[in-house]
Each structure stands twice: as C-alpha cells, then as structure tokens.
Amino acid sequence: MRHGRILKDGVATAVAIDPNSQQDMTSAQWLPATTGTVFGIALNDKTLYAGLEAAFNDKPYVTPPTRPVLHIKTPNTHIGYGAAIPAPADGTTIYAGPSLGIVIGKRATRVSEAEALEFVGGYTVVNEVSLAETSFYRPAVKAKCRDGFCPIGPWMVDAADVANPNALSIVTSVNGEKTHATNTDQLRYGVAELVSYLSSFMTLEAGDLIIAGTPERRPSLALKAGDRVSIDIEAVGVLENPVVNEATLGTNQA
Amino acid sequence: MKRARILVNGELTNVTVNDNLDAVLADGTVIAQADADWQPPCDGKIFVLAINYADHAAELSFKAPDEPLVFLKGPNALLGHNKNTYRPDNVAYMHYECELVAVIGKTAKNVSREDAMSYIGGYTVGNDYAIRDYLENYYRPNLRVKSRDTCTPVGPYIVDAADVADPHNLTLRTWINGELKQEGSTKDLVFNIPYLVEYLSNIMTLEPGDMIFTGTPEGLADVKPGDEIVTEVEGVGRLVNYMISESDYLKSIGHPSAPQEA
Numbered sequence: 001m002r003h004g005r006i007l008k009d010g011v012a013t014a015v016a017i018d019p020n021s022q023q024d025m026t027s028a029q030w031l032p033a034t035t036g037t038v039f040g041i042a043l044n045d046k047t048l049y050a051g052l053e054a055a056f057n058d059k060p061y062v063t064p065p066t067r068p069v070l071h072i073k074t075p076n077t078h079i080g081y082g083a084a085i086p087a088p089a090d091g092t093t094i095y096a097g098p099s100l101g102i103v104i105g106k107r108a109t110r111v112s113e114a115e116a117l118e119f120v121g122g123y124t125v126v127n128e129v130s131l132a133e134t135s136f137y138r139p140a141v142k143a144k145c146r147d148g149f150c151p152i153g154p155w156m157v158d159a160a161d162v163a164n165p166n167a168l169s170i171v172t173s174v175n176g177e178k179t180h181a182t183n184t185d186q187l188r189y190g191v192a193e194l195v196s197y198l199s200s201f202m203t204l205e206a207g208d209l210i211i212a213g214t215p216e217r218r219p220s221l222a223l224k225a226g227d228r229v230s231i232d233i234e235a236v237g238v239l240e241n242p243v244v245n246e247a248t249l250g251t252n253q254a
Numbered sequence: 001m002k003r004a005r006i007l008v009n010g011e012l013t014n015v016t017v018n019d020n021l022d023a024v025l026a027d028g029t030v031i032a033q034a035d036a037d038w039q040p041p042c043d044g045k046i047f048v049l050a051i052n053y054a055d056h057a058a059e060l061s062f063k064a065p066d067e068p069l070v071f072l073k074g075p076n077a078l079l080g081h082n083k084n085t086y087r088p089d090n091v092a093y094m095h096y097e098c099e100l101v102a103v104i105g106k107t108a109k110n111v112s113r114e115d116a117m118s119y120i121g122g123y124t125v126g127n128d129y130a131i132r133d134y135l136e137n138y139y140r141p142n143l144r145v146k147s148r149d150t151c152t153p154v155g156p157y158i159v160d161a162a163d164v165a166d167p168h169n170l171t172l173r174t175w176i177n178g179e180l181k182q183e184g185s186t187k188d189l190v191f192n193i194p195y196l197v198e199y200l201s202n203i204m205t206l207e208p209g210d211m212i213f214t215g216t217p218e219g220l221a222d223v224k225p226g227d228e229i230v231t232e233v234e235g236v237g238r239l240v241n242y243m244i245s246e247s248d249y250l251k252s253i254g255h256p257s258a259p260q261e262a
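Chains as they are written, first to last, in the UniProt record's numbering: chain A, 1 to 254; chain B, 1 to 262.
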C-alpha cells in the first residue's frame with residue numbers, strides 16, 4: 001500500500017492509495033510524504049566517493065571519513081509532489097539530488113544491523129536539492145537548507161512492498177528527457193547499516209526520514225527556473241516538481 | 001514574562017514561571033521548581049554557532065570565521081532543565097558549552113539587520129555539549145559530536161525579549177559541582193544576534209520557536225558521571241543538569257543493551 005498526505009479543505013489529510021488503481025496526480029495538492037526529522041547522508045555514492053578519495057588525505061580532511069557523513073534538511077525545505085522548487089533569484093545553479101528515502105516505522109534506539117529493517121516503515125522518493133558541493137568540510141546549511149530544497153513523495157510505499165531496497169533503479173529526467181541514472185546498489189552504506197548507525201546515538205522516531213545518498217552533482221543534474229524535474233525509483237514512485245525563480249514566489253516576510 | 005513547558009500527568013503543558021522560578025499552570029496551580037518535570041521550552045529548528053567568540057576560537061586554535069559557522073541539531077538532542085545527560089563510556093573529552101539562545105518570535109525571511117531584533121521572541125539558556133573524541137573533518141562539527149540523544153539541555157524557560165534590556169551585554173557562567181569553570185560575556189560575540197537573523201533568514205524562512213544557540217566563550221572543561229553542571233546566562237536563567245554514565249543512561253530508558261544486574 002502507498003501512504004500519501006494531501007491538503008483537503010485546508011487540512012493535512014492522510015490517504016491510502018491502492019497501487020493497482022490509476023492515480024490522478026493532478027487532482028490533489030500533495031504534501032511532503034513524511035513529517036519527522038530528515039537526515040541526509042553525504043558521500044554515500046561509490047563513484048562520488050572514489051573521485052574524492054585522494055583528496056580525503058589532504059587538508060582540511062586529513063583522513064578519510066570513518067562513519068557515514070550526516071546532515072539535516074530542515075522543515076522549511078520539505079515540499080510535496082508538484083510543489084515548486086525555488087531557484088535563487090541571482091541565477092546560481094542548483095542541482096537535483098535523486099535518492100531513496102528510508103522512512104522510520106517505529107522508534108529506534110541503538111538497533112543492530114540485523115534488526116534494523118524491522119524499524120523501517122517504508123520508502124519514498126527524495127529530491128535532495130543542493131547548490132554546488134564544493135567542500136564537505138563544514139556543515140552545508142547554505143547549500144542545502146534553502147526553502148523548498150527537499151521534495152519528498154509522492155507517497156511512502158510500505159516496506160513489505162519493496163523486495164530489496166538495496167537494488168532499485170533511480171532515473172532522473174529534466175523536462176521529460178532522461179538525464180541521469182543510478183541504482184541504490186551504488187550506495188556505500190546500505191539501508192540497514194544507515195538505520196543502525198544513526199540509531200546508535202540518535203533515537204529515530206516514527207516518521208523520521210533518512211535520505212540514503214545522492215550521486216555527484218554533475219551538469220546532468222543541474223536545474224534552472226522553468227524546468228520540470230522528475231525522479232523515478234523502481235517499486236517506489238515518481239516524484240516530479242517544477243523549478244521556479246524564487247523572485248516570482250514572493251516572500252513570507254511579515 | 002517567563003514561559004516554559006512541563007509534563008503534567010504525562011502531557012506537555014504550557015506554564016508561566018513566577019519570581020520563585022516555580023511553574024504556574026493556567027488555573028493558577030503552582031508546581032515547585034524542584035518538583036516540575038521541565039521539558040525543552042519550544043520546538044523548532046535548532047541552529048548552533050561554532051567558534052562565535054574570539055577567545056574561544058583562540059582556545060580551539062582557530063581563526064574566527066569570516067561568516068557565521070552554523071550547524072544543525074536534531075530534536076532528539078534536546079533535554080529539559082534538572083535532567084540527566086550521559087557521557088559515553090571510553091571517551092577522553094566531553095565538555096559543556098554555555099550559550100545564550102535567541103528564540104524566533106515570528107516568521108522571518110530576508111530580514112535586515114536593522115529590523116532583526118523585532119523577530120526575536122525571547123531568550124533561553126542552552127548547554128551545547130560536545131564529545132571531542134568523535135570529531136571528524138566532514139561537516140564538522142559532525143552530528144555524532146553534537147546531536148547525540150540528551151546532549152543539549154535547554155531552558156528552564158524562555159524570557160520574553162522585552163524583559164532583556166541588552167542581550168549583547170550578558171555574563172555567561174558555568175559551574176561544575178559548584179566550582180566556577182567558564183565565564184564570558186555576550187558582548188564578545190563575533191556575529192551578534194541581528195547579524196545571525198539576517199544571515200539565516202537570507203538562506204531560509206525562520207519560524208516561531210526556532211532556536212539560535214549563539215556560541216560559547218572560552219573556559220571548557222571535561223565532565224564526568226556524578227557531576228552537577230550549571231550553566232547560567234545573566235538575566236535569562238540558570239540551567240542545571242546532571243552527568244550520568246552511559247550504562248546508567250541505558251538502564252534509565254530500559255534499553256535491552258543495558259548491562260544486566262548480576
């Protein structure tokens with residue numbers, strides 16, 4: 001079963017969707033599929049990591065990372081299917097970040113890798129949008145926490161409906177043209193390892209989300225105002241969002 | 001006015017805090033400070049400034065940064081007043097960091113420095129513990145150092161911004177077991193509160209309840225199980241917490257990995 005959240009008469013409403021029925025995506029206003037804390041994992045793509053490996057022995061890194069590298073996507077970044085991703089008004093390039101999203105199903109404190117999958121409620125599609133990643137030394141708040149920089153959805157698919165989360169194809173298209181393909185088998189740390197590691201020092205709550213890992217931000221993932229970006233993850237769903245110039249959205253300033 | 005949140009019969013409850021620092025329920029019932037189950041006083045994004053005091057930067061052998069060095073914590077890290085936090089077993093250096101916390105009062109986006117202070121709803125005290133053994137040079141300071149469960153006491157309450165005459169001239173002090181260990185002043189902030197509100201609100205929308213931990217001055221010291229740690233910001237509050245061992249912590253939450261009694 002698929003579990004989405006839509007805005008119905010101004011109220012966030014949970015909806016269960018039968019995957020065998022045809023879903024009209026345009027009839028609803030989709031909200032982010034999850035409501036909890038969102039953790040991202042950097043440097044978790046094998047090719048991206050291999051390309052940087054030599055630099056990890058130089059300053060400022062000095063030694064390669066010994067653990068998954070974590071960041072947080074703040075709530076202002078979370079948007080649903082179809083909502084606009086605001087591109088900076090000054091034209092700074094932004095990049096799609098196609099990733100499997102791991103949704104926590106029940107509270108997890110210090111769970112082992114062997115038991116970790118019992119704590120996964122399901123999976124969703126995440127577009128972990130970012131400015132260019134020029135360094136991994138300092139926290140990437142400026143690059144990753146702009147409003148609308150984390151589409152999540154359209155829904156969560158029950159974990160039971162995804163046979164092997166560590167072998168799912170991920171295809172990114174921009175304006176209907178396929179620009180990038182990867183697979184969750186390209187992740188350095190898999191689903192169980194990530195859930196276990198995060199829970200080793202942070203209690204994960206039901207509804208929390210782990211963005212499993214994004215590939216290198218190549219030109220094929222670059223986005224600009226006017227584009228439509230879609231990310232298709234096998235057995236999970238297709239997450240599509242338009243990109244708009246933030247200047248056309250106005251601000252929330254009181 | 002001072003506002004806090006406590007658990008009453010297991011329910012998160014908004015209270016005010018009187019001059020004796022006791023909690024007062026909406027119906028006037030007073031719950032003594034020592035008896036109240038203090039919770040973090042708000043929910044929101046948790047921003048923390050690293051090396052935002054020049055003296056502390058020198059202590060850590062850093063040059064003060066050219067722009068604010070901001071990191072984020074998860075809500076799992078927060079802990080209320082008068083509670084236990086734990087020191088992981090087998091670490092060499094875990095230290096407190098006494099900080100003034102500015103709490104956002106209304107939605108803020110692209111706010112100028114000149115207007116920034118009107119977006120601050122109030123202030124509270126934070127203790128941004130760090131476990132230095134876990135530092136790695138990737139998104140430093142990394143979450144394992146700074147976002148562990150219970151490692152960020154905050155509170156006991158939020159003081160309304162109107163009741164703090166000058167947030168940039170407040171003394172910060174930390175005591176371990178009654179011994180003064182850290183003393184500094186918010187007048188030495190590298191990036192002050194209006195600068196930080198402008199900086200952050202130019203990146204993203206800030207919402208009521210978002211917290212900006214403004215950084216800590218010099219005077220760090222190791223903490224050990226059994227210690228009582230008091231962090232105080234003049235005119236804002238006095239935040240107490242107690243250090244316990246990791247095994248006692250696991251027992252306290254009933255975790256199956258806790259050492260079994262013989």
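Backbone N, C-alpha and C fix where the C-beta goes; we use that ideal spot for every residue, glycine too. Because the structure is a prediction, the values reported are computed rather than measured.
For Ile152/A and Ala33/A, believed in contact at Cβ under 8 Å, the rounded distance: Ala33/A to Ile152/A, Cβ: 5 Å. Contact.
Near-chain B residues of the segment 188-203 of chain A - C-beta to any C-beta below 7 Å: Answer set for the segment 188-203 of chain A: Phe201, Met202 and Thr203.
C-alpha gap between Asn164/A and Asn192/B, whole angstroms: Between Asn164/A and Asn192/B, the C-alpha separation is close to 50 Å.
In the DSSP assignment, what are the bridge partners of Asn127/A? For Asn127/A, DSSP records a beta bridge to Pro98/A.
Under 9 Å Cβ-Cβ, which residues of chain B neighbour Tyr137/A? Ordered by position in chain B, the residues that pass the 9 Å Cβ test against Tyr137/A are Asn137, Tyr138, Tyr139 and Arg140.
With a cut-off of 9 Å, does the C-beta of Thr152/B fall near any C-beta of chain A? Residue-level contact check: Thr152/B does not touch chain A, since none of the beta carbons of chain A fall below 9 Å from its beta carbon.
Residues of the segment 198-209 of chain B in Cβ contact with chain A at a cutoff of 7 Å, in chain order, please. Listed in sequence order: Ile203, Met204 and Thr205.
Is Ile104/B close to chain A, meaning its C-beta is less than 9 Å from at least one C-beta of that chain? Not flagged as an interface residue toward chain A: Ile104/B, since no C-beta distance is shorter than 9 Å.
Identify the contact partners of Ile193/B in chain A, using a Cβ-Cβ distance below 8 Å as the criterion. Result: empty, since nearest Cβ-Cβ is about 17 Å, beyond 8 Å.
Asp163/B versus Asn76/A - alpha carbon distance: Their backbone Cα atoms lie some 29 Å apart in a straight line.
Quick one: which chain B residues come within Cβ less than 9 Å of Asp147/A? Simply Lys109, Ile203, Met204 and Thr205.
Can you have a look at Glu99/B and say buried or exposed, based on whether 16 or more other CB atoms are within 10 angstroms of its CB? So Glu99/B ends up on the buried side.
So Glu11/B is in the beta strand (DSSP E); what residue range does that whole segment cover? Glu11/B -> beta strand (DSSP E) spans Glu11 to Val17.
Alpha helix (DSSP H) containing Val12/A: first to last residue? Residue identity check: residue 12/A is Ala in the sequence provided, not Val. Per DSSP, Ala12/A belongs to no alpha helix (DSSP H); it is in the beta strand (DSSP E), Val11 to Ile17.
Contact with chain B by Gln253/A, beta-carbon distance below 9 Å: With a pLDDT of 39 at Gln253/A, under the threshold of 50, the modelled position of that residue is not reliable, and no figure is offered here.
Across which residues does DSSP place His180/A in a beta bridge pair? DSSP lists Thr172/A as the bridge partner or partners of His180/A.
Taking only the alpha-carbon atoms, compute the straight-line gap between Pro217/B and Ile6/B and give it to the nearest angstrom. For Pro217/B and Ile6/B, the gap between their C-alpha atoms comes out near 30 Å.
Let me confirm a value: Asp66/B is counted as buried when at least 16 other C-beta atoms fall within 10 Å, else exposed. Which label applies? Classification for Asp66/B: exposed.
Taking 8 Å as the limit between beta carbons, can you name the residues of its chain near Lys142/A, skipping five residues before and five after? Only Leu131 meet the Cβ criterion.
I'd like the span of the alpha helix (DSSP H) that includes Glu113/A, first residue to last. Element bounds for Glu113/A: Glu113 to Ala116.
Would you kindly work out how many angstroms separate the C-alpha atoms of Pro40/B and Ile158/B, rounded to a whole number? One alpha carbon belongs to Pro40/B, the other to Ile158/B, and they sit about 10 Å apart.
Test item: CB-CB of Ile229/B and Tyr96/B under 9 Å: In contact: Ile229/B and Tyr96/B (Cβ atoms closer than 9 Å).
Taking the alpha helix (DSSP H) that Tyr199/B belongs to, which residues open and close that run? Per DSSP, the continuous alpha helix (DSSP H) segment holding Tyr199/B begins and ends at Ile193 to Ile203.
Rounded straight-line distance, which links the Cα of Thr93/A to that of Ala235/A: If you take the alpha carbons of Ala235/A and Thr93/A, they lie about 30 Å apart.
Pull up the CB-CB distance for Thr107/B and Pro208/B, whole angstroms please, since I reckon it's below 8 Å. Indeed they touch by this definition, with Cβ atoms about 7 Å apart.
Assumed close pair Val236/B, Thr152/B - CB separation to whole angstroms, cut-off 8 Å: That pair is no contact at about 16 Å.
Considering only their Cβ atoms, is the gap separating Asn52/B from Leu69/B smaller than 9 Å? In contact: Leu69/B and Asn52/B (Cβ atoms closer than 9 Å).
When you compare the segment 110-128 of chain A with the segment 28-45 of chain B, are there three or more beta-carbon pairs, one atom per stretch, that lie closer than 8 Å? Flag = no, the segment 110-128 of chain A and the segment 28-45 of chain B do not touch.
Proximity of Met156/A and Gly36/A at Cβ, strictly below 9 Å: Taking the C-beta atoms as reference points, Gly36/A is found no nearer than 9 Å to Met156/A.
Straight-line gap, Cys150/A to Tyr123/A (C-alpha atoms, nearest Å): Take the alpha-carbon of Cys150/A and the one of Tyr123/A: they are about 15 Å apart.
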